[in-house]
Amino acid sequence: MASFLKALVYGAGGMAVVGMAALVAFQERLVYLPAPPGYDRSYPITPSNLRLDYEDVWLRSSDGVRLHAWFVKHDPPLRGPTVLFFQENAGNIAHRLEFVCIMMQRLHCNVFMLSYRGYGESDGYPSQHGIIKDAQAALDHLTQRNDIDPSRIFIFGRSLGGAVGSVLAKNNPDKVSALILENTFTSILDMAGVMLPFLKWFVGGSVSKGPKVLNCLVRSPWSTIDIIEQIKQPILFLSGLQDELVPPSHMQMLYSKAVEHNRHCLFVDFPNGTHMNTWISGGDRYWRNIQLFLDQYISEINQCKSRSKESDNGDDGNDAL
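Shown next, in the form of structure tokens:
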């Protein structure tokens, strides 16, 4: 019996060592994948290949990293709404152009597509700390443009992009009008156990029950479940119930956490939606729900602005009396 217990302890210790080594050596490769196997970082196409009017935009993050983005313009030109799009972890913004093309047709919007550091033509190496700075640089650029309506900037984030967008929305309540999340995880800490099941006893987020002794080694935790309750803007959750990468329960948990603190939340699920094709399998219903969400809150935003202006004018009149 003693020998068995000793072997069990050594076995658990060995698993912890293996888990620690895997986290240290491979975590960035699991979280960030600028060039999937068989691809390179370069853009296979540009918006012009899809006959889209666009502008190459070069930015500097606050720590000096040079970033590349596309501002894809609606034809005919319009000032808003403008969607700030944050992509998944694998590939680059060129791989999302088909989706963006249809988004522009269905939602009648401009789209700003940012290449995270280390992705596409952007310099640097991806990290949570750095990508948060990249997202802020993109939003700051948009708010300074004179060809869009800065009061109608919406964030759309899928998977990793939802984690990025959530942090940006939380940090900029006065600059971001609303947030749309699709197939986003609760945290990378929780995803570690999904992707590498033997790690679930050593790494976990706020919804996990393990001892979490290796959490301190995770450099990009992306704990959306802890951010979502701090977001005050309207949030639309789009969940593919056949998601083979991020368990659909993650989206339900995010929604449940958000709605405790924010009454402007809407959850829509798609029975046949997988991680990457929810927008395809969802068909017209997918786009109709996004349009209804945007129409509702664009209207509310404009009404609030009108009331604010009327109040300001009233105050001036009272001062004159």
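Adding 299 to a residue's 1-based position in the sequence shown gives its number in this note's numbering. Heads up, the beta-carbon is just placed ideally off N, CA and C, and yes, glycines get one too. Values in this document were obtained by computation on a predicted structure and should not be read as measured data.
Using the C-alpha atoms, what's the distance from Asp374 back to Thr483? The straight-line gap separating the alpha-carbon atoms of Thr483 and Asp374 is approximately 30 angstroms.
With distances taken from CA atoms, which of Gly460, Ser347, Lys372, Glu528 is nearest Asn391? Ranking the options by Cα distance to Asn391, first place goes to Gly460.
Among all the DSSP beta bridges, which residues are the ones paired with Trp369? DSSP, once it has assigned bridges, lists Asp355, Met412 as partnering Trp369.
For Pro343, the nearest candidate out of Leu495, Gln551, Arg416, Arg395 (CA to CA): It is Arg395 whose Cα lies nearest to the Cα of Pro343.
Taking DSSP as the reference, what is the three-state secondary structure of Ser538? Reduced to three states, the DSSP call for Ser538 is strand.
Between the stretch 526-542 and the stretch 450-468, are three or more C-beta pairs nearer than 8 angstroms? Touching, yes.
Where the beta strand (DSSP E) containing Cys564 begins and where it ends: For Cys564, the enclosing beta strand (DSSP E) starts and ends at 564-569.
Across the stretch 470-482 and the stretch 406-420, are there enough close Cβ pairs to call them in contact, namely three or more that are closer than 8 angstroms? Result no; under three Cβ-Cβ pairs closer than 8 angstroms.
Whole-angstrom Cβ separation of Leu513 and Phe501, contact assumed at under 8 angstroms? Taking 8 angstroms as the upper bound for CB-CB distance, Leu513 and Phe501 are in contact here, some 4 angstroms apart.
Ordered along the chain, which non-local residues of its own chain (more than five positions away) have a Cβ less than 6 angstroms from that of Tyr596? Close CB contacts of Tyr596 within its chain, under the 6 angstroms cut and outside five residues either way in sequence, are with Ala477, Pro533 (chain order).
Endpoints, the alpha helix (DSSP H) within which Thr442 is located: Where Thr442 is concerned, the enclosing alpha helix (DSSP H) stretches over 427-443.
Please return the same chain residues whose Cβ sits closer than 6 angstroms to the Cβ of Val382, not counting the five positions on each side in sequence. Only Cys408, Val410, Phe453, Phe455 meet the Cβ criterion.
C-alpha distance - Asp525 paired with Asp439, whole-angstrom precision: Computed Cα separation, rounded: 24 angstroms.
Give me the residue from Lys499, Arg518, Pro520 with the minimum Cα distance to Lys511. Comparing Cα-Cα distances from Lys511 to each of Lys499, Arg518, Pro520, the minimum goes to Lys499.
Neighbourhood of Ala434 by C-beta distance below 6 angstroms, restricted to the same chain and skipping five residues each side: Sequence-distant Cβ neighbours of Ala434 in its own chain, meaning closer than 6 angstroms and more than five residues away, are Val463, Leu467.
Which of helix, strand or coil does DSSP assign to Glu387? In the three-state reduction of the DSSP assignment, Glu387 falls in the coil class, being assigned neither a helical nor a strand state.
Consult DSSP for Ile401 and reduce its assignment to one of helix, strand or coil. Ile401: helix per DSSP, three-state reduction.
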